[in-house]
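Encoded as structure tokens, the structure appears first; notes follow it.
Residue numbers (my numbering): 498 to 946.
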């Protein structure tokens, strides 16, 4: 599989600058929607189990399915981006997301709920893999700022959904209130879809600027593999928190509203964290101390929640929220560990695609273990083991290296840095990327990719 991308554009005219403002706005609005479909499930999971008549094990599948969709649908990002404009890909994905949110809120069976969930994950999955490369391409000198902006929007959207879903369900006043709590978020997805559809095509991108990167060759980079597993383990932490912490707190004696509010606090804490972490991560000497701080927060939060859940639940959820800063950190590292936008896109797709497959095992295992043992000890053992893995891999991913260089040693000429093709036909591009798939031909004329 190949990934095509143009080199970064530099604003020159007022029209160019307005176009970048619109792209930046669309990126932030997309970030706002990346977790709404996921975070709306946890606060009303018990109601969903009752309404659909499913067991704890199947509930584990419900909480894992979004992550698995992120993996499967995310791999479709590069082919779609090569064939269509990124603005149209993301606009269509967000429209599908809105439809999926409505469909699963109306679902009367488990299988229809699953179909709605798959549709709802489209916007989040494609946004996950495409946004880092768009930031690298259009805002190369403001990577930390833009990753912080859409990471903050992501956290704000997650917090809003976590805090509001249960109150919305309660306000409806019927046993089907959870359906409103899930479906209302389709409005946000439609707003973001409209923003991408407003991004106009701009001339000036040549076929010479489109180069191909073979994603499968990333297996030759130890750094790429480490980033993939790192991303998977940090995402597992996030989705177990999102999918099971509210239910765990309810099972320990807290009300549904309080448990949902605590999950919201966890997401609210991540808002300033995601705003600050990218700007700190771009400083090489700060990366390892920052990562170690996150690991300490994870350990303290999980042990506290396990040993004394009712003693200080606010503190434990705040600590876990601080630990979730690993998400914006690894998103920033995708850009810092790649030399070009196309390598960033390939690394982002591979790391998030396979990483979400790793992460998907977490919520599913928690559900199975809960059903088998009747308790949550397995969840805490699994999460603390994941923290140990993150800390170990952190030593590798915080070292200043480039994925391009490692792959080039095994596959000479793989990196697109400084490489161009010969065809310079001018094309039209829609704000983000032209709908073109180019073969790369080395000097001997044989095609690559």
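In this text, a Cβ means the ideal position worked out from N, Cα and C, and glycines have one as well.
Distance, residue 793 Cα to residue 736 Cα: 19 Å
Residue 676 lies in the alpha helix (DSSP H); which residues open and close that run? 674-680
Classification of residue 532 by the beta-carbon crowding that lies within 10 angstroms, buried from 16 upward: buried
Tell me the start and end of each unbroken alpha helix (DSSP H) in the segment 566-636 that is at least 4 residues and wholly inside, in chain order. 574-580, 583-603, 607-635
Starting from the C-beta of residue 899, find all residues in its chain whose C-beta is less than 7 Å away, skip the five residues before and the five after it, and write them out in chain order. 834, 835, 836
Whether residue 743 touches residue 760 by CB criterion (8 Å): yes
The alpha helix (DSSP H) with residue 798 in it runs from where to where? 784-804
To the nearest angstrom, how far is it from the Cα of residue 905 to the Cα of residue 580? 27 Å
Can you find the residues in the same chain that come closer than 8 Å, C-beta to C-beta, to residue 719, ignoring five residues on each side of it along the sequence? 893, 903
Counting C-beta neighbours from all protein chains within 10 Å, is the total for residue 741 16 or more, i.e. buried, or is it exposed? buried
Within the segment 711-756, ranges of the alpha helix (DSSP H) (whole runs, at least 4 residues): 719-737, 743-748
Would you kindly work out how many angstroms separate the C-alpha atoms of residue 862 and residue 848, rounded to a whole number? 21 Å
Close beta carbons around residue 515, own chain, < 6 Å, minus the five adjacent residues each side: none
If you measure between the beta carbons of residue 629 and residue 840, is that distance less than 8 Å? no
Would you tell me roughly how many angstroms separate the C-alpha atoms of residue 784 and residue 772, rounded to the nearest one? 16 Å
Between which two residues does the alpha helix (DSSP H) containing residue 644 stretch? 640-669
In whole angstroms, what is the alpha-carbon distance linking residue 561 and residue 537? 14 Å
Considering only the alpha carbon of each residue, which of 546, 648, 588 lies closest to residue 822? 648
For residue 790, count the other beta carbons within 10 Å of its own beta carbon; 16 or more makes it buried, fewer makes it exposed. Which is it? exposed
Buried or exposed: residue 867, going by 16 or more other Cβ atoms within 10 Å of its Cβ? buried
Residue 724 classed as buried or exposed, judged by whether at least 16 other C-beta atoms fall within 10 angstroms: buried
Using DSSP with H/G/I as helix, E/B as strand and the rest coil, what is residue 825? helix
Have a look at residue 664 and residue 755 and give me their C-alpha separation to the nearest angstrom. 10 Å
So, under 8 Å CB-CB, residue 660 and residue 558 are touching, yes? Tell me the CB distance rounded to an integer number of Å. Contact flag wrong, Cβ pair sits at about 25 Å.
Is the segment 591-608 in contact with the segment 671-686, if contact means three or more CB pairs nearer than 8 Å? yes
Would you report the Cα separation of residue 864 and residue 872, rounded to the nearest angstrom? 10 Å
In whole angstroms, what is the alpha-carbon distance linking residue 907 and residue 656? 44 Å
Ignore the nearest five residues each way along the sequence and tell me which others in residue 810's own chain have a CB closer than 8 Å to its CB. 746, 751, 759, 802
In or out: residue 563 buried (at least 16 other Cβ within 10 Å) or exposed? buried
Is any beta-carbon of chain D found at less than 8 Å from that of residue 641? Considering every chain present, this structure includes no chain D. It has just one protein chain.
Residue closest to residue 887, alpha-carbon to alpha-carbon, out of 616, 804, 856: 856
Based on Cα-Cα distance, which residue from 584, 551, 572 lies nearest to residue 526? 584
Relative to the alpha-carbon of residue 682, which residue among 619, 669, 654, 569 has its alpha-carbon at the smallest distance? 654
Closest Cα partner of residue 824 within the set 909, 853, 806: 853
Cβ-Cβ distance between residue 549 and residue 636 below 8 Å: no
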